[in-house]
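Accompanying notes for the structure given below.
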Amino acid sequence: MKKTTFSIMVMMASFCISPNFVSANTAEPITNTANTTKAVPADVQVLYDRLEVIKKTDKSEMTRVEKKELRKEVRTIKSELKSRNGGVYLSVGAIIIIVLLLIILL
Numbered sequence: 020m021k022k023t024t025f026s027i028m029v030m031m032a033s034f035c036i037s038p039n040f041v042s043a044n045t046a047e048p049i050t051n052t053a054n055t056t057k058a059v060p061a062d063v064q065v066l067y068d069r070l071e072v073i074k075k076t077d078k079s080e081m082t083r084v085e086k087k088e089l090r091k092e093v094r095t096i097k098s099e100l101k102s103r104n105g106g107v108y109l110s111v112g113a114i115i116i117i118v119l120l121l122i123i124l125l
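First residue of the sequence shown? That's 20 in my numbering, and the numbers climb one at a time after it.
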């Protein structure tokens, strides 16, 4: 019994480790469609461009007040971009609670 279990496990492991040569003879290249870029609205692009300009500016010649104003501007731009995202975020704790409730109820 132990020999058959061991041989079955070795056979399954060899199937998992063996390379897959089936797709090596394809004539046309495989394109990745997952990396398509989404169209960014113009007003959002303006905010991204402003952030890039702020990153590239030379801050060594600025006074403390000017640097503070730039930091405030960056914070407001980032908060505005977050508010425009409109996504729904779930924490890990919320996901665990949902899964536990599903297990209990089903």
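Beta carbons are placed, not taken as given, at the ideal position from N, Cα and C, and that holds for glycine.
Just verifying my parser: in three-state terms, what is the DSSP assignment at Met-81?
Translated into the one-based positions of the sequence shown, residue 81 becomes position 62. Coil.
Range of the contiguous alpha helix (DSSP H) that encloses Tyr-108
Your numbering for residue 108 matches position 89 in the sequence shown. Counting along the chain, Tyr-108 falls outside any alpha helix (DSSP H), and DSSP gives it neither H nor E.
Best match in Leu-100, Phe-25 and Lys-86 for proximity to Val-59 [C-alpha to C-alpha]:
Here residue 59 corresponds to residue number 40 of the sequence shown, with the count starting at 1. Minimum Cα distance to Val-59 is reached at Leu-100.
Is the CB-CB distance between Ile-73 and Glu-88 below 8 Å?
In the sequence shown, residue 73 corresponds to position 54, counting from 1. In the sequence shown, residue 88 corresponds to position 69, counting from 1. Their beta carbons are not under 8 Å apart, which means Ile-73 does not touch Glu-88 by this criterion.
Nearest-angstrom Cα separation, counted from Arg-103 out to Thr-23:
For this step, residue 23 is matched to residue 4 along the sequence shown. For this step, residue 103 is matched to residue 84 along the sequence shown. So the two alpha carbons sit approximately 60 Å from each other.
Three-state secondary structure (DSSP) of Leu-125
To locate residue 125, count along the sequence shown from 1; it is residue 106. In the structure shown, Leu-125 sits in coil (DSSP, three-state: anything other than H, G, I, E or B).
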